[in-house]
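A quick write-up on the structure given underneath.
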Amino acid sequence: MAVPRNALRKWEKVRDWALRLPGATEEHPWGDTVAKVDKKVFVFLGGGGGHPVAVTVKLTDETAHAHALACPGAEPAGYGLGRAGWVRVPLEPAGAPAAELLCDWVEESYRTVATKRRVAELDARTAQVETR
1 MAVPRNALRK WEKVRDWALR LPGATEEHPW GDTVAKVDKK VFVFLGGGGG HPVAVTVKLT
61 DETAHAHALA CPGAEPAGYG LGRAGWVRVP LEPAGAPAAE LLCDWVEESY RTVATKRRVA
121 ELDARTAQVE TR
């Protein structure tokens, strides 16, 4: 099954953004692509099991969580992860979120999973960019 070009572009932007976060690494457990920080997954990048291309993020902010679940085809993540705030958001359907919003959600997920030291690194990097 071919992945629509628009969904693939979104996936690539989200992946690139995730891997630019402090300490982020890419791994391929369970046949999926994930981004980790200090050995902890902060975003699943794929559909898995024949599902459409998607990202799965941990959203603890109630507004962001509700917004993500309102996206076409979005659902709480499987394997019990949904109870902890993880949401699977498909990239293919009409009305799927833009890459920029997905990147915001990836950053929230990163901030939820990362250590305080890593979050401080991200904040310092952000502050440095804003002062330029």
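In terms of my numbering, the sequence shown has 80 at position 80, counting the first letter as 1, and numbering is strictly consecutive.
Ideal Cβ placement from N, Cα and C applies to all residues, glycine included.
Asked, Found
"Excluding five sequence neighbours on each side, which residues of the same chain lie with their C-beta closer than 7 Å to the C-beta of A68?", "L59, A74, V87, V89, W105"
"Using the rule of at least 16 other Cβ atoms within 10 Å of the residue's Cβ for burial, across every protein chain shown, is P97 buried or exposed?", "buried"
"Where E62 and E100 are concerned, what is the direct C-alpha to C-alpha distance, given to the nearest angstrom?", "19 Å"
"DSSP three-state label for V43, please.", "strand"
"Can you give me the C-alpha to C-alpha distance between D32 and L45, rounded to a whole angstrom?", "7 Å"
"Roughly how many whole angstroms lie between the Cα atoms of V53 and G95?", "14 Å"
"Under a Cβ-count criterion, where at least 16 other Cβ atoms within 10 Å of its own Cβ denotes burial, should T131 be classed as buried or exposed?", "exposed"
"What three-state label does DSSP hand V3 in the structure shown?", "coil"
"Can you tell me whether W17 is buried or exposed, with buried defined as 16 or more other CB within 10 angstroms of its CB?", "buried"
"Grab me the residues of A77's own chain with a C-beta within less than 8 Å of its C-beta, minus the 5 sequence neighbours each way, in chain order.", "F44, T56, W86, V87, R88"
"Using the Cβ count rule (16 or more neighbours within 10 Å means buried), how would you classify L19?", "exposed"
"Between the Cα of R125 and those of L91, P4, G23, spot the shortest distance and give me the residue it belongs to.", "G23"
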